[in-house]
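Below you'll find the structure, written out as structure tokens, and then a few comments.
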């Protein structure tokens with residue numbers, strides 16, 4: 213998988229064995245200053261014959277508030293993945309959204325999640 217993470221949260225790889233790998237951004241945040249296209253670094257992830265989930269998301273997910281008022285955090289993402297490890301990526305994303313979108317409450321920030329099943 214080739215990607216450019218322009219300053220967002222690290223990409224999260226959730227491996228089938230329950231471990232997680234964070235791929236830190238190697239590019240500066242996009243849109244904060246004038247930059248040439250060649251300033252962005254193409255990153256590659258090579259799956260090694262394993263089932264995994266490739267997740268990238270905005271800080272609105274990690275900094276989002278749950279019904280109890282606590283930040284969801286990267287641990288919230290990991291816990292959701294572990295709880296739903298036999299479900300589809302669509303179910304994982306839906307569950308994360310449901311944890312953060314609380315009726316009659318204003319969102320802290322945007323919630324954007326991209327997930328790819330490997």
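In our numbering, the protein residues as written are 213 to 330. The C-beta atom is built at its ideal place from N, Cα and C for all residues, glycine as well.
Worksheet item: Checking contacts by CB at 9 Å: is residue 297 closer than that to chain B?
Response: Within the model displayed, chain B is absent; a lone protein chain is all it includes.
Practice prompt. Give me the Cα-Cα distance between residue 234 and residue 284, rounded to the nearest whole angstrom.
Written response: Cα to Cα, the separation comes out at about 17 Å.
Item to complete: With DSSP as the reference, please indicate the residues paired to residue 223 in a beta bridge.
Response: According to DSSP, which records beta bridges pairwise, residue 223 is partnered with 235.
Worksheet entry | Extent of the continuous alpha helix (DSSP H) run through residue 312 | Taken as a continuous stretch (DSSP letters only), the alpha helix (DSSP H) holding residue 312 covers 301-312.
Worksheet entry | residue 286 to residue 295 span [Cα, whole Å] | Between residue 286 and residue 295, the alpha-carbon positions lie close to 14 Å from each other.
Worksheet item: Candidates 292, 311, 317 and 320: which alpha carbon is nearest residue 267's?
Response: Ranking the options by Cα distance to residue 267, first place goes to 292.
Practice prompt. Mark residue 281 as exposed unless 16 or more other C-beta atoms lie within 10 angstroms of its C-beta, in which case mark it buried.
Written response: Answer is exposed; the Cβ neighbour count stays below 16.
Item to complete: Return the Cβ separation of residue 272 and residue 323 in integer angstroms, given the expectation that the two are a contact with Cβ distance under 8 Å.
Response: Confirmed, about 5 Å.
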